[in-house]
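Q:
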Amino acid sequence: MTRLLGGQYPSLLRENQQGVLMKWVFFLAVAILLTSACTEKPIPTQLEKYCVSDSGLSKYWLALNTAEREGDIRYQYLGQDIRYVVTAMRVEGREVSGKADFESSTTGETRGTPIMFSYDATANTFTDGPTSASCQNTQAYQPG
9 MTRLLGGQYP
19 SLLRENQQGV
29 LMKWVFFLAV
39 AILLTSACTE
49 KPIPTQLEKY
59 CVSDSGLSKY
69 WLALNTAERE
79 GDIRYQYLGQ
89 DIRYVVTAMR
99 VEGREVSGKA
109 DFESSTTGET
119 RGTPIMFSYD
129 ATANTFTDGP
139 TSASCQNTQA
149 YQPG
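To convert a position in the sequence shown, counted from 1, into this note's numbering, add 8.
1) Does DSSP put Glu-76 in a helix, a strand or coil?
2) Using the Cα positions of Arg-91 and Thr-118, report the straight-line distance between them to the nearest angstrom.
3) Would you list the one or two residues that DSSP bridges to Leu-70?
4) Report buried or exposed for Gln-84, applying the criterion of at least 16 other Cβ atoms within 10 angstroms of its Cβ.
5) Answer yes if the segment 72 to 79 comes into contact with the segment 128 to 135, meaning at least three C-beta pairs across the two stretches below 8 Å, and no otherwise.
6) For Lys-153, count neighbouring Cβ atoms within 10 angstroms of its own Cβ and tell me buried if that reaches 16, exposed if not.
7) Give me the Cα-Cα distance between Gln-88 and Pro-138, rounded to the nearest whole angstrom.
8) Do Gly-120 and Phe-110 have their C-beta atoms within less than 7 Å of each other?
9) Apart from the five residues just before and just after Gln-97, which ones in its own chain have a Cβ nearer than 6 Å to its Cβ?
10) Which class does Thr-146 belong to by DSSP, given the choice of helix, strand or coil?
11) Does the Cβ of Leu-70 have 16 or more other Cβ atoms within 10 Å, making it buried, or fewer, making it exposed?
12) If you count every other CB in all the chains shown that lies within 10 Å of the CB of Thr-115, and 16 or more means buried, which is it?
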């Protein structure tokens, strides 16, 4: 048979094996990509978290609707108890970020500095400017 193919049979066999090997490599790469894409959970539509800063002085209650890009953030710090309303939100992968403006206070404040926030679902952390807070699933809001 080698003579019929002009001595090319071993070469054709090697090319065929390489083709099969390349198909398997491609198949495995696609399978790995699909598996890794399926293991990362999407960010929930209703995100409710209780977060406490490293110092323990700042406490946040997050109630965010990631589908509607709205929600509110309750903030307690040194006797202040303030409600902020999310006015801008961006969801990118496992991170939610945005801006929340002062809405009201149960402790007498009439205004507040807007919060530029981000929540990282992978690390389960919330940041408010330079303040970083570790989050738990949810804890009932406790006024002042």
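Note that CB positions come from ideal geometry on N, CA and C, so glycine has one too.
A: Taking the definition as stated:
1) Within the sequence shown, numbered from 1, the residue matching residue 76 stands at position 68. Coil, per DSSP.
2) For the purposes of this step, residue 91 is identified with residue 83 of the sequence shown, where counting begins at 1. For the purposes of this step, residue 118 is identified with residue 110 of the sequence shown, where counting begins at 1. Computed Cα separation, rounded: 11 Å.
3) Here residue 70 is taken as the residue at index 62 of the sequence shown, counted from 1. Lys-57, Ile-81, per the DSSP bridge assignment.
4) Stepping through the sequence shown from its first residue, residue 84 is reached at position 76. So Gln-84 counts as buried.
5) no
6) Lying before the first or after the last residue shown, residue 153 is absent from the chain, which here runs from 9 to 152.
7) Working through the sequence shown from its first residue, we reach residue 88 at position 80. Working through the sequence shown from its first residue, we reach residue 138 at position 130. So the alpha carbons of these two residues sit roughly 19 Å apart.
8) Start at 1 with the first residue of the sequence shown, and residue 120 comes out as number 112. Start at 1 with the first residue of the sequence shown, and residue 110 comes out as number 102. Cβ distance < 7 Å, so Gly-120 and Phe-110 count as in contact.
9) Numbered from 1 along the sequence shown, position 89 holds the residue referred to as residue 97. The residue you asked about is not Gln; residue 97 is Met in the sequence shown. Within the same chain, Cβ atoms closer than 6 Å to the Cβ of Met-97 are found at Arg-77, Gly-106, the five residues on either side in sequence being excluded.
10) In the sequence shown, counting from the first residue as 1, residue 146 sits at position 138. DSSP places Thr-146 in coil when its eight states are reduced to three.
11) Here residue 70 corresponds to residue number 62 of the sequence shown, with the count starting at 1. Counting Cβ neighbours within 10 Å, Leu-70 comes out buried, since at least 16 surround it.
12) For this step, residue 115 is matched to residue 107 along the sequence shown. Exposed, since its Cβ has fewer than 16 Cβ neighbours within 10 Å.
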